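Remember, this note's numbering sits 357 above the position in the sequence shown when you count from 1.
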Amino acid sequence: MPNRIPPPRLPGSTGVPGPWDAPVPPRSDGTRSWRTVDLDPAVHGFAFPNAFVDEHLTLPNGATITTRGRCGGMSYATLDYFLSGRPVPRWSAALYAPGRVPPDDHWLARYLQERQVQSFMTGSAAKFLTWTLHSDDETWVFKGVSRWTKEEEVPRVVAAVDAGRPVVLGLVVARSLGKVGQNHQVVAYGYDLDRASGRTVLRVYDPNTPGREVQLVSDGDHKDWTATNGARWRGFFVQDYTPKPPRVLTRTAPAPDLQVRTGDVMKLSHVWTGRTLHSHALAYTHDGTSGQQQVTAFDGSDDNDLWRLEGPHGTAAGEGDGRALRDGDVVRLRHVSTGRRLHSHHGFPSPVSGQQEVTAFGGDDAGDANDDWRVESDGGGRWRAGGRVRLVHVATGVALHSHRAAHQQHTAGQQEVTGYDGRDDNDWWSVLEVR
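Encoded structure:
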């Protein structure tokens, strides 16, 4: 394994490349030149690994390949967020245990799948096939993968980084079409060239290795590239990339270890679909309803998603604010915009699935014990912003639940929220934002 070269950081860069951030010349000590765009995999990359199921894709030339997960989608999405100056969703693998990645019903999983497909709908993607079939060595017609990489693609990476722009790389390891899915995609954001030794180091975000920098290293007399996460690659090429504005639900995501407390004003995200717990000044109108205020899961984020954590029924307003919450504690959630509290009750069906209805009810001087919810923290212990929790209705024992079901009239086209008398993965929630 090659020694890691300390990543130099250049002064004077804003960290988010764009027309407002003038390129900074590479640094040099005479025999060595380097530059690193201020992209940090622990900040700008996804916190979960590329553990998605394999994808079957068709290239522009009609060839079908099976990819290993969604590395291209994760690489493209990382650049989408970074180049737009927006924070990437930093949801951890633990939220999605045991699968470690957002399930296919989650909006982020769908976005990564869409970007994965788009990464193969480019002219450069054909090199995954052509380079797989070419030799590493030059022939009387072609340079071969090794020379193409070092003579053509490395200079392209250097030029892009010097301009303050990370690039997506297509890494090639396969030597037959049957194994073309073993090729890979990463984001390159830095380089270190040592002309004396001939060593080239590229710094990359690798979706297979979340949270830390990976280096691709090749010495002057070596044809291939060794990665510091243990992989070896025949070569690589710079992929075509067109930015896409990414979805942003919050610009102020809480630290994962932030202690959740009474008095906090927060947004809750449904772990399995990424929708936000929401209410609005519309009443349920379906058959059998209580006619109380709708509670839904919103495919977006606005001020109707804000809830204030309060003590249980009988607690005066503001009483006990600041108390650290943990597994087993009982709370109420007050909807900030309308003043009503998250509520459920026996005998009223939810509008789509017929499970127990969840509403927003009461106000300053109205409320009852049906507003109480017990915190079940995954694994027990304190409720941390980065963990997942189940909220169990104290009076009836149902769990606050959501799923991919909606009705244009009865839920305003938004995702249904219910009280579920069983237990499954659709009962988990996490903190999206704390104000």
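Cβ coordinates follow ideal geometry from the N, Cα and C atoms, glycine included.
No experiment lies behind these values; they were computed from the predicted model shown.
Among Arg-747, Val-524, Gln-771 and Gly-501, the one whose alpha carbon lies nearest that of His-491: Along the sequence shown, read from residue 1 onward, the residue named residue 491 stands at position 134. Comparing Cα-Cα distances from His-491 to each of Arg-747, Val-524, Gln-771 and Gly-501, the minimum goes to Gly-501.
Is it right to say Arg-698 is buried, meaning 16 or more other beta carbons lie within 10 angstroms of its own, or is it exposed? As a first step, residue 698 is located in the sequence shown; it is residue number 341 there, counting from the start. Buried.
Nearest candidate by alpha-carbon position, reference Gln-765, set Ala-482, Lys-601, Pro-708 and Val-530: The residue given as residue 765 occupies position 408 in the sequence shown. Comparing Cα positions, the closest option is Pro-708.
Going by C-alpha distance, which of Thr-609, Gly-430, Val-788 and Asp-461 is nearest Pro-600? Indexing the sequence shown from 1 puts residue 600 at position 243. Closest by alpha carbon: Gly-430.
Would you call the CB atoms of Phe-439 and Pro-567 closer than 8 angstroms? Here residue 439 is taken as the residue at index 82 of the sequence shown, counted from 1. Here residue 567 is taken as the residue at index 210 of the sequence shown, counted from 1. Taking a C-beta distance under 8 angstroms as the contact criterion, Phe-439 and Pro-567 do not qualify as a contact pair.
So, under 8 angstroms CB-CB, Tyr-562 and Thr-435 are touching, yes? Tell me the CB distance rounded to an integer number of Å. Counted from its first residue, the sequence shown places residue 562 at position 205. Counted from its first residue, the sequence shown places residue 435 at position 78. That pair is a contact at about 6 angstroms.
Starting from Gly-527, trace the beta strand (DSSP E) in both directions and tell me its first and last residue. Within the sequence shown, numbered from 1, the residue matching residue 527 stands at position 170. Per DSSP, Gly-527 belongs to the beta strand (DSSP E) from 524–529.
First through last residue of the beta strand (DSSP E) which encompasses Glu-471: The sequence position of residue 471 within the sequence shown is 114, counting from 1. Glu-471 -> not in any beta strand (DSSP E); alpha helix (DSSP H) instead, spanning 464–476.
Mind checking who Phe-594 pairs with in its DSSP beta bridge? As a working note, residue 594 is residue 237 in the sequence shown. Residue pairing from DSSP places Phe-594 in a beta bridge opposite Gly-527.
Please look up how many angstroms separate the CB atoms of Thr-557 and Val-511, rounded, as I've assumed it's under 8 angstroms. Counting from 1 along the sequence shown, the entry for residue 557 is found at position 200. Counting from 1 along the sequence shown, the entry for residue 511 is found at position 154. The Cβ separation is near 6 angstroms, so the contact holds.
Indicate whether Thr-642 and Leu-789 have their beta-carbon atoms separated by less than 8 angstroms. Your numbering for residue 642 matches position 285 in the sequence shown. Your numbering for residue 789 matches position 432 in the sequence shown. Here Thr-642 is not near Leu-789, since their CB atoms are 8 angstroms or more apart.
Starting from Arg-665, follow the beta strand (DSSP E) in both directions and report where the run begins and ends. As a working mapping, residue 665 is identified with position 308 in the sequence shown. 664–667 is the extent of the beta strand (DSSP E) around Arg-665.
Please report the straight-line C-alpha distance between Pro-455 and Asp-551, rounded to a whole angstrom. Walking along the sequence shown from the start, residue 455 turns up at place 98. Walking along the sequence shown from the start, residue 551 turns up at place 194. Their Cα atoms are separated by approximately 43 angstroms.
Between which two residues does the beta strand (DSSP E) holding Ala-517 run? Along the sequence shown, read from residue 1 onward, the residue named residue 517 stands at position 160. Taken as a continuous stretch (DSSP letters only), Ala-517 belongs to no beta strand (DSSP E), being part of the alpha helix (DSSP H) at 511–519.
Residue range of the alpha helix (DSSP H) that Leu-490 falls in? Position 133 of the sequence shown, counted from the first residue, corresponds to residue 490. Membership of Leu-490 in the alpha helix (DSSP H) is indicated by the continuous run 484–490.
How big is the Cα-Cα spacing for His-627 and Trp-785? As a working mapping, residue 627 is identified with position 270 in the sequence shown. As a working mapping, residue 785 is identified with position 428 in the sequence shown. His-627 and Trp-785: Cα-Cα distance of roughly 6 angstroms.
The alpha helix (DSSP H) with His-401 in it runs from where to where? Reading the sequence shown from its first residue, position 44 is the one you call residue 401. First-last of the alpha helix (DSSP H) with His-401: 398–401.
How big is the Cα-Cα spacing for Pro-459 and Ser-759? Residue 459 sits at position 102 when you count from the first residue of the sequence shown. Residue 759 sits at position 402 when you count from the first residue of the sequence shown. Going from the Cα of Pro-459 to the Cα of Ser-759 covers about 15 angstroms.
Using 8 angstroms as the cut-off, can you tell me whether the stretch 611–618 makes contact with the stretch 523–535, which would need three or more C-beta pairs spanning the two stretches below that distance? Verdict: no, contact absent.
Pro-706 to Arg-457, Cα distance in whole Å? Numbered from its first residue, the sequence shown carries residue 706 at position 349. Numbered from its first residue, the sequence shown carries residue 457 at position 100. Cα-Cα distance, rounded: 33 angstroms.
Using a 10 Å radius around the Cβ and a threshold of 16 neighbouring Cβ atoms, would you call Pro-602 buried or exposed? Position 245 of the sequence shown, counted from the first residue, corresponds to residue 602. Exposed.
I'd like to check one pair, Gly-754 with Asp-735: are the Cβ atoms closer than 8 angstroms? The residue you call residue 735 lines up with position 378 of the sequence shown. The residue you call residue 754 lines up with position 397 of the sequence shown. In this structure, Asp-735 keeps its C-beta atom at 8 angstroms or more from the C-beta atom of Gly-754.
Burial state of Glu-676, where buried means 16 or more other Cβ atoms lie within 10 Å: Taking the first residue of the sequence shown as position 1, residue 676 is located at position 319. Glu-676 is exposed by the Cβ-count criterion.
For Asp-493 and Thr-585, the rounded distance between their alpha carbons: Sequence index remark: in the sequence shown, residue 585 carries index 228 (1-based). Sequence index remark: in the sequence shown, residue 493 carries index 136 (1-based). Their backbone Cα atoms lie some 21 angstroms apart in a straight line.
Expressed to the nearest angstrom, what Euclidean distance is found between the alpha-carbon atoms of Thr-768 and Tyr-546? Within the sequence shown, numbered from 1, the residue matching residue 768 stands at position 411. Within the sequence shown, numbered from 1, the residue matching residue 546 stands at position 189. One C-alpha to the other measures close to 45 angstroms.
Answer yes if the stretch 716–724 comes into contact with the stretch 655–666, meaning at least three C-beta pairs across the two stretches below 8 angstroms, and no otherwise. Result no; under three Cβ-Cβ pairs closer than 8 angstroms.
Just the Cα atoms here: how many angstroms apart are Asp-684 and Arg-691? For the purposes of this step, residue 684 is identified with residue 327 of the sequence shown, where counting begins at 1. For the purposes of this step, residue 691 is identified with residue 334 of the sequence shown, where counting begins at 1. Straight-line Cα distance between these residues: approximately 20 angstroms.
Where do the N-terminal and C-terminal ends of the beta strand (DSSP E) with Ala-434 fall, by residue? Translated into the one-based positions of the sequence shown, residue 434 becomes position 77. Per DSSP, Ala-434 lies in no beta strand (DSSP E) segment; the continuous alpha helix (DSSP H) that holds it begins and ends at 428–441.
Excluding the five sequence neighbours on either side, which residues of its own chain have a C-beta within less than 6 angstroms of the C-beta of Val-515, listed in chain order? Position 158 of the sequence shown, counting from 1, holds the residue named residue 515. Short of 6 angstroms from the beta carbon of Val-515, and not among the five residues preceding or following it, lie these beta carbons of its own chain, in chain order: Tyr-548.
Mind reading off the beta-carbon distance from Asp-729 to His-635? Whole number of angstroms is fine, and I expect it under 8 angstroms. Sequence index remark: in the sequence shown, residue 729 carries index 372 (1-based). Sequence index remark: in the sequence shown, residue 635 carries index 278 (1-based). In this structure Asp-729 is not in contact with His-635, their Cβ atoms being roughly 21 angstroms apart against a cut-off of 8 angstroms.
Ignore the nearest five residues each way along the sequence and tell me which others in Gly-577's own chain have a CB closer than 6 angstroms to its CB. Along the sequence shown, read from residue 1 onward, the residue named residue 577 stands at position 220. Once the five neighbours on either side are set aside, the close Cβ partners of Gly-577 are Gly-555.
Give me the residue from Leu-465, Ala-399 and Leu-682 with the minimum Cα distance to Arg-605. The residue you call residue 605 lines up with position 248 of the sequence shown. Residue identity check: residue 605 is Val in the sequence provided, not Arg. Val-605 has its Cα closest to that of Leu-465, out of Leu-465, Ala-399 and Leu-682.
Between the Cα of Arg-384 and the Cα atoms of Phe-594, Val-518 and Ala-482, which residue gives the shortest distance? Stepping through the sequence shown from its first residue, residue 384 is reached at position 27. Ranking Phe-594, Val-518 and Ala-482 by Cα distance to Arg-384 puts Val-518 first.
Exposed or buried, Arg-569, counting other C-beta atoms within 10 Å across all chains shown (16 or more means buried)? Your numbering for residue 569 matches position 212 in the sequence shown. Burial call: exposed.
Just the Cα atoms here: how many angstroms apart are Ser-481 and Gln-475? Along the sequence shown, read from residue 1 onward, the residue named residue 481 stands at position 124. Along the sequence shown, read from residue 1 onward, the residue named residue 475 stands at position 118. Distance between the alpha carbons of Ser-481 and Gln-475: 12 angstroms.
Applying the 10 Å Cβ sphere with the 16-neighbour rule, what's the burial state of Asp-395? Taking the sequence shown and counting its residues from 1, one reaches residue 395 at position 38. The residue is buried, with at least 16 neighbouring Cβ atoms inside 10 Å.
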